[in-house]
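Shown next, in structure tokens, is the structure this report addresses.
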Amino acid sequence: MAVVQHPEDVTPPQPQHPPPRFGQESRPRRASRSAGESPTPGAGPGTSSGPTAESTAKARSGFRLPNWAARRATHRPDLTWVPLSDVELPPLDLTRRPWPGRTLEVAGTRLHVRETPAETPDAPTAVYLHGLAGSASNWTDLAGLLRVRLNGISVDLPGFGRSAPPDGFLYTPAAHVRMVVRLLESRRAEPVHLLGNSFGGLVAAIVAATRPDLVATLTLISPAVPDLRPSPDRLSDPRFPLTYLPLVGKPVRRALAAMTPLARAEQMMRVCFARPDLVPRHRLEEFAAEMARLSRTSWAGPALGRTTMAMIRFWLARGDRSLWRVLPRVSAPTLVIWGTEDRLMSARKAVRTATALPHGRLLMLPYTGHVAQMEQPELVAKAVLGMVTAPWLPETVSSEASTRIVPEPLTDTPVLGGDEWGRSGGMAV
22 MAVVQHPEDV TPPQPQHPPP RFGQESRPRR ASRSAGESPT PGAGPGTSSG PTAESTAKAR
82 SGFRLPNWAA RRATHRPDLT WVPLSDVELP PLDLTRRPWP GRTLEVAGTR LHVRETPAET
142 PDAPTAVYLH GLAGSASNWT DLAGLLRVRL NGISVDLPGF GRSAPPDGFL YTPAAHVRMV
202 VRLLESRRAE PVHLLGNSFG GLVAAIVAAT RPDLVATLTL ISPAVPDLRP SPDRLSDPRF
262 PLTYLPLVGK PVRRALAAMT PLARAEQMMR VCFARPDLVP RHRLEEFAAE MARLSRTSWA
322 GPALGRTTMA MIRFWLARGD RSLWRVLPRV SAPTLVIWGT EDRLMSARKA VRTATALPHG
382 RLLMLPYTGH VAQMEQPELV AKAVLGMVTA PWLPETVSSE ASTRIVPEPL TDTPVLGGDE
442 WGRSGGMAV
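The numbering of the sequence shown is the numbering used here, which starts it at 22 and goes up by one.
Below is the structure:
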């Protein structure tokens, strides 16, 4: 088991090697992992009692947390001590099409999922939750790598992908949380390894906090924590805010609607990926085809818009309904992964997010944007397996504060507005 630590800076130094090609680890990262040592003499795979002076010196030759982040993380010296599994992964196949899908009946709602069978019998299950404007196919590469140890279920949340929303669905985080909880309950099996990206990370965190009995480990990839920066870099098209203005709103909406699916897909890639030029062409075409299919439905636009508005309203919650009060109640081992070049969710939120989690660890990835599971699937897979196969928690952990029932994070008041935003494409989170 190799161990990677990055103790002090999320901003990478001037690179000594070219950036990795799409889907591959960078050479410095691969070298540091292969040279990694057990943190203590005689420590077994997956164990960590803290960094040695030698390994810390090696790690500091890489990228480090900035001063403001290091000060915030001083009470958690193991925060960035992330073991990487030495399990041999299957070759990464960037030509693979999305995994086969089927429809499940969950509490009267038809949910579309894509399943990735494990290579080993009786393997535990991983459940994957996508972000806004995403779908189950966002996990194609990572699920394919993790099937060496895990069965995979990638979910299309209601109103996204191929899951048409049920009548009266409210699109709030609470509504999505309840749907995921019902899905996990319907399995009647052992707790799952829950992974979420962006908005899916927000949903996954609340699921883990409210139903710890359903979650064995939690992985949050650029989770949608409160981040209200009014930055145009967060929009796939800077014209989106104009859609709400009188007089100009209607012609702007027409112009946006006239864009081809391929052009809209390219816009989305530019805002989500650190190196969109490295995305395989067929992946771009898959995304464009998905956008074209969704544009022919009556529910996709409103679902995106209303879910976005409900998420922003949740970000404004205070007191016990604030996400920052929810995260400390997560009792599961939690891996937080963040790209240093994430335009949608600021990397400055990474340390606060990880330190809010009682058993959180933080992995910062250079040359990576908002969708690390698509940009660096091999490294993400090794980090996830490092947590799954070698639990971080000591044998006795007091979880009294972690397993309390969390107050409803967001009321189910119907979300008003957001329809036009969603039809235009909005913000991918």
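In this text, a Cβ means the ideal position worked out from N, Cα and C, and glycines have one as well.
Residues bridged to residue i [DSSP beta-bridge criterion]
i	result
Thr238	His214
Gly381	Thr355
Leu386	Gly360
As assigned by DSSP and simplified to three states, the class of residue i
i	result
Arg364	coil
Trp336	helix
Ser47	Only weak support is given to the placement of Ser47: the predicted model assigns it a pLDDT of 45, under 50, and the question is left unresolved by the model.
Val300	coil
Pro62	Bear in mind that the predicted position of Pro62 carries a pLDDT of just 29, short of 50, making it too unreliable to give a figure here.
Thr318	coil
Leu325	helix
Val246	coil
Met312	helix
Ala286	helix
Gln394	helix
Leu268	coil
Thr376	helix
Phe294	coil
Met330	helix
Met280	coil
Arg346	helix
Arg275	helix
Arg369	helix
Ala402	helix
Ala411	coil
Leu223	helix
Ser69	Its pLDDT being 34, under 50, Ser69 is placed unreliably in this model, and the coordinates cannot settle the point.
Cβ-based neighbour list, residue i, same chain, cut-off 8 Å, excluding 5 preceding and 5 following
i	result
Ala377	Trp345, Leu348, Pro349
Asn172	Glu136, Thr137, Pro138, Ala139, Ala144, Pro145, Thr146, Ala147
Ala210	Thr146
Val108	Val169, Arg170, Lys403, Leu406, Thr410
7 Å Cβ shell around residue i - same chain, five flanking residues per side excluded
i	result
Pro186	Pro179, Gly180, Trp320, Ala324
Val436	For Val436, the pLDDT reaches just 40, beneath the cut-off of 50, and the residue's location in the model is therefore unreliable, although a value from the coordinates is still provided. Closer than 7 Å at Cβ, skipping near neighbours: Leu191, Tyr192, Thr193, Arg327, Met330, Ala331.
Leu113	Gly44, Asp162, Leu166, Pro398, Glu399
His391	Ser219, Ser243, Cys293, Gly360, Asp363, Arg364, Leu365, Met366
Ala286	Leu305, Phe308, Ala309, Met312
Pro247	Trp336, Leu344
C-beta contact flag for residue i and residue j at 8 Å
i	j	result
Leu241	Val202	no
Leu215	Val198	no
Pro244	Ala226	yes
His133	Asp188	no
Val351	Pro379	yes
Ala237	Pro212	yes
Leu110	Val169	yes
Met289	Ala157	no
Leu383	Thr101	yes
Arg296	Tyr149	no
Thr281	Met200	no
Trp160	Ser184	no
Ala353	Pro267	no
Gly221	Gly322	no
Cut-off 6 Å between Cβ atoms - residues of its own chain near residue i, not counting five sequence neighbours on either side
i	result
Val405	Thr240
Ala128	Arg203
Thr479	An answer regarding residue 479 cannot be provided, because it is not within the stretch 22 to 450 covered by the chain.
Val103	Val25, Arg382, Leu384, Ala404
Thr124	Arg131, His133
heavy atom of the ligand NAP below 7 Å from residue i C-beta
i	result
Glu306	The ligand NAP is not part of this structure, which contains no ligands at all.
Segments of 4+ residues assigned as alpha helix (DSSP H) that fall wholly inside the region 161 to 211: 161 to 167, 194 to 208
If we require 4 or more residues per run, which alpha helix (DSSP H) segments fall completely within the region 106 to 171? 161 to 167
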